[in-house]
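**Q**
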Amino acid sequence: MHLNTTPLAEPAPLKKPCIRDMHELVTKHLPETLVKLTSFDELRRRCTEIDAEHPHLREETPVVLQNEARRRARHHRLQVAGSRTPAPLTASQAYVRA
């Protein structure tokens, strides 16, 4: 018996997201209504499960998480009512010259 001293191979680098895999992800595993209605922590947990069960979708799950975080942040500003911070300008307010 001998000691194997060769280092382990490094994991393969992540590829770029693929449209075909993204389509499979959003139709079979994470439909749009599910993404919108699930809490963000639960969505992150589900994406981790999908990464473990379907390694070929590993590049696409962060894209779905990022898009949903951006969508929630955009709509959260619209739902905050009665705050003392000024509302963002509308297009007509921004382009009217006084």
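Each position in the sequence shown, counted from 1, maps to that position plus 16 in our numbering. For every residue, glycine included, the Cβ atom is placed at its ideal position computed from N, Cα and C.
1) Answer yes or no: do residue 81 and residue 105 have a C-beta to C-beta separation smaller than 8 angstroms?
2) Skipping 5 residues on each side, what residues in its chain have a beta carbon closer than 8 angstroms to that of residue 88?
3) Going by beta carbon distance, what residues of the same chain come within less than 6 angstroms of residue 47, once the five residues before and after it are set aside?
4) Quick one: Cα of residue 35 to Cα of residue 43, how far?
5) Could you tell me the boundaries of the alpha helix (DSSP H) in which residue 52 lies?
6) At the level of alpha carbons, what is the spacing between residue 72 and residue 86?
7) Would residue 41 be called buried (16 or more neighbouring beta carbons within 10 Å of its own) or exposed?
8) With a Cβ-Cβ cutoff of 8 angstroms, do residue 39 and residue 66 count as a contact?
**A** A quick look at the data gives this:
1) no
2) 56
3) Contacts found: none.
4) 12 angstroms
5) 48-53
6) 24 angstroms
7) buried
8) no
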